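Participant: For reference, the structure I am asking about is given below.
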Amino acid sequence: MSEVYIRSQNKEKLYRLGGNYACIEYGEYEDIKKKRGSTEENKKRHTICISDGCLEEIAEYESKERCIEVLDEIQAICRSYLKVEGGAALMRGGMDVQPAAFTVPRFYQMPEK
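One gets my numbering by counting positions in the sequence shown from 1 and adding 106 to each.
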């Protein structure tokens, strides 16, 4: 896999997946910010984290399903290449164009919602 640049949800960080970062994953956590003795249920947080050995949260969404959709979008970006089918030369006497695939710079902005 070649590099994909991922901008954090708050737009404050730009990560290079495929460089130092080896993993991007879904995480579900209990929100422990409530006060002691509160009768509120612990709220689950649905996040996407990036890892280079330590997890760092880069986005939070309202459901696991939305997190999985975002991971699917990132996967689609990782699979994108510039493809040339090849064919006959455009000018007489020119060499035919060979089929090829090229890696192009890839960028993904984490959606707000």
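Note that the Cβ used here is the ideal one computed from N, Cα and C, for glycine as well. Predicted model only: the values in this text are computed from it and were never measured.
Within 10 Å of its beta-carbon, does Arg122 have 16 or more other beta-carbons around it, so buried, or fewer, so exposed?
Facilitator: Residue mapping note: residue 122 aligns to position 16 of the sequence shown, counting from 1. Per the 10 Å Cβ criterion, exposed.
Participant: When the distance is taken between beta carbons, is Ser157 closer than 8 Å to Cys129?
Facilitator: Position 23 of the sequence shown holds residue 129. Position 51 of the sequence shown holds residue 157. It is a contact, given that the beta carbons lie within the stated cut-off.
Participant: Grab the span of the alpha helix (DSSP H) containing Gln215 for me, first residue to last.
Facilitator: The sequence position of residue 215 within the sequence shown is 109, counting from 1. No alpha helix (DSSP H) contains Gln215, which is instead part of the beta strand (DSSP E) from 213 to 215.
Participant: So if DSSP puts Ala70 in a beta bridge, which residue, or which two residues, is it bridged to?
Facilitator: The requested residue 70 is not part of the displayed model; the chain covers only 107 to 219.
Participant: Look at the alpha carbon of Arg203 and the alpha carbon of Glu191, and state the distance between them as a whole number of angstroms.
Facilitator: Stepping through the sequence shown from its first residue, residue 203 is reached at position 97. Stepping through the sequence shown from its first residue, residue 191 is reached at position 85. The displayed chain sequence assigns Val, not Arg, to residue 203. Near 8 Å, if we compare the C-alpha coordinates of Glu191 and Val203.
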